[in-house]
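Read the structure below first, then the notes.
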Amino acid sequence: MILAGKTAFVTGASRGIGAAIAVGLAENGADLVISDLPQQAADLDKVLGRITATGRTGRILHLDVTDKAAIEAAVAEVGQIDILVNNAGILIPKRLEDLDEKTWDAHFNVNAKGVLLVSNAVLPQMRARKAGRIINIASIAARQGVPTQGHYAATKAVDLTLTRVYAQETGMDGITVNAICPGIILTEMGKENLGSQAAMDHWSNVAALKRLGDPDDIVGPAVFFASDMSRFVTGQALNVCGGIYFH
Ligand SMILES: NC(=O)c1ccc[n+]([C@@H]2O[C@H](COP(=O)([O-])OP(=O)(O)OC[C@H]3O[C@@H](n4cnc5c(N)ncnc54)[C@H](O)[C@@H]3O)[C@@H](O)[C@H]2O)c1
Numbered sequence: 025m026i027l028a029g030k031t032a033f034v035t036g037a038s039r040g041i042g043a044a045i046a047v048g049l050a051e052n053g054a055d056l057v058i059s060d061l062p063q064q065a066a067d068l069d070k071v072l073g074r075i076t077a078t079g080r081t082g083r084i085l086h087l088d089v090t091d092k093a094a095i096e097a098a099v100a101e102v103g104q105i106d107i108l109v110n111n112a113g114i115l116i117p118k119r120l121e122d123l124d125e126k127t128w129d130a131h132f133n134v135n136a137k138g139v140l141l142v143s144n145a146v147l148p149q150m151r152a153r154k155a156g157r158i159i160n161i162a163s164i165a166a167r168q169g170v171p172t173q174g175h176y177a178a179t180k181a182v183d184l185t186l187t188r189v190y191a192q193e194t195g196m197d198g199i200t201v202n203a204i205c206p207g208i209i210l211t212e213m214g215k216e217n218l219g220s221q222a223a224m225d226h227w228s229n230v231a232a233l234k235r236l237g238d239p240d241d242i243v244g245p246a247v248f249f250a251s252d253m254s255r256f257v258t259g260q261a262l263n264v265c266g267g268i269y270f271h
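Just add 24 to wherever you are in the sequence shown, counting from 1, and you've got our numbering.
As structure tokens, this is what we get:
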């Protein structure tokens, strides 16, 4: 129960990696605020059920991470947030030459600007308490650059830069900011992106651990960054990819 007494806020928490992190943080003692788009309400309810089954409390926000006013109002209303997990993200694969501006803008709005807006809404109270943990879910795509994911990889590279700069701008107030770079994780996004069993088999074989990721594989690193175990780690990014990328 290394997160006992803490409240964590996870965006995009209705499914996939966000849901796994939210439940995993609750299993380690945190109370939760979980948010996602209004159309994800039913899935978010199910995640809330898994959180309360651990004995922790949970609260739901129907929130678009691109809506600055709604984020600020929601954060003011929920009160103390000790741990923020910027997890909400989108991926619509397209070659750069086929990319339209709308798709480019949508990715930068959700994956990059969303991290800025939610972090900036939460940081004043963290600074006031001289404590806080921010965890940004980036991607190994940010490091490697992946065909059909140029725009997505660019947004995730922004997240790594935000992680490093926020760390330096907030460390004096006892706040750490770190990133997790998942590899291929079998969520709806991950499966859609792979597209075929052949691709799944190929990447399983490439991975040093000879399998692709499960959302629960991200929980341990998230708990580490959320807890005092990582108290002297900030501005860093951890690849959690089963060994498909090594830099
Ligand atoms: N699955 C992978 O292989 C993989 C790999 C690397 C990084 N990631 C990252 O992990 C995070 C979670 O991805 P996932 O695989 O669980 O995907 P997912 O599609 O299953 O979940 C993403 C969640 O974000 C929510 N979301 C999208 N736009 C939003 C918005 N504007 N406001 C609020 N919520 C919004 C979605 O409704 C969804 O619940 C993302 O940031 C993704 O880029 C995933």
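Ideal Cβ positions, reconstructed from N, Cα and C, are used throughout, including at glycine.
Since the structure is predicted, the reported quantities are computational estimates derived from the model, not experimental observations.
Please tell me whether G266 and A232 are closer than 8 Å, where the distance is taken between their beta carbons. Between G266 and A232, the CB-CB gap stays under 8 Å.
Check whether V20 and L108 have beta carbons under 8 Å apart: Because the chain in this structure spans residues 25 to 271, residue 20 falls outside the shown range and cannot be described.
As an exercise, report each continuous beta strand (DSSP E) stretch of at least 3 residues that is fully enclosed by the stretch 39–111, in chain order. Fully enclosed beta strand (DSSP E) runs of 3 or longer: 55–60, 82–86, 107–110.
Pick from R167, A43, D252: whose alpha carbon is nearest that of I158? Proximity to I158 across R167, A43, D252 peaks at D252, based on C-alpha coordinates.
Enumerate, from N- to C-terminal direction, the unbroken alpha helix (DSSP H) stretches of 4 or more residues contained entirely within the stretch 205–237. As for any alpha helix (DSSP H) of minimum length 4 sitting wholly inside the stretch 205–237, the runs are 212–218, 221–230, ordered along the chain.
Helix, strand or coil for T172, going by three-state DSSP, please let me know. Coil at T172, not helix or strand.
Cα-Cα separation between Q63 and H86, rounded to whole angstroms: So the alpha carbons of these two residues sit roughly 9 Å apart.
Would a C-beta distance cut-off of 8 Å place R151 and D183 closer than the cut-off? Not closer than 8 Å, so no.
Excluding five sequence neighbours on each side, which residues of the same chain lie with their C-beta closer than 7 Å to the C-beta of V243? Excluding sequence neighbours, V243 sits near A44, I45, G48.
F256, DSSP secondary structure in three states: Of the three classes helix, strand and coil, the one that applies to F256 here is coil, per DSSP.
On the three-pair Cβ rule with 8 Å, is the stretch 49–68 touching the stretch 216–227? No contact exists between the stretch 49–68 and the stretch 216–227.
Determine the burial state of A165: buried for a count of at least 16 other Cβ atoms within 10 Å of its Cβ, exposed for fewer. Its Cβ being crowded by 16 or more others within 10 Å, A165 is buried.
Use the C-beta contact count for G237: other C-beta atoms within 10 angstroms, 16 or more gives buried, fewer gives exposed. Counting Cβ neighbours within 10 Å, G237 comes out buried, since at least 16 surround it.
Does the beta carbon of L87 fall short of 7 Å from some heavy atom of ligand 1? Correct: L87 has its Cβ closer than 7 Å to ligand 1.
Test: I208 CB closer than 8 Å to a CB of chain D: The structure shown contains no chain D; it is built from a single protein chain.
Touching by the beta-carbon criterion (3+ pairs, under 8 Å), the stretch 111–131 and the stretch 159–178: Touching, yes, given that three or more Cβ pairs across the two stretches are closer than 8 Å.
Taking the C-alpha atoms as reference points, what is the distance between E51 and D241? One Cα belongs to E51, the other to D241, and the distance between them is close to 14 Å.
On a Cα-Cα basis, can you pick out the residue from F249, K215, A97 that is closest to N160? The closest CA to that of N160, considering only F249, K215, A97, is found on F249.
Closest Cα partner of L72 within the set G36, G103, E121, V170: Of G36, G103, E121, V170, the residue nearest in Cα terms is G36.
Between the beta-carbon of E216 and the beta-carbon of R39, is there less than 8 Å? Contact flag unset, no.
Whole-angstrom C-beta distance between A261 and T187, which should lie under 8 Å: Right, their Cβ atoms sit about 6 Å apart.
Should P239 and V264 be called a contact, given that it needs their Cβ atoms to be closer than 8 Å? Cβ distance not < 8 Å, so P239 and V264 don't count as in contact.
Going by the beta-carbon positions, is the gap between A162 and C205 smaller than 8 Å? Contact flag set, yes.
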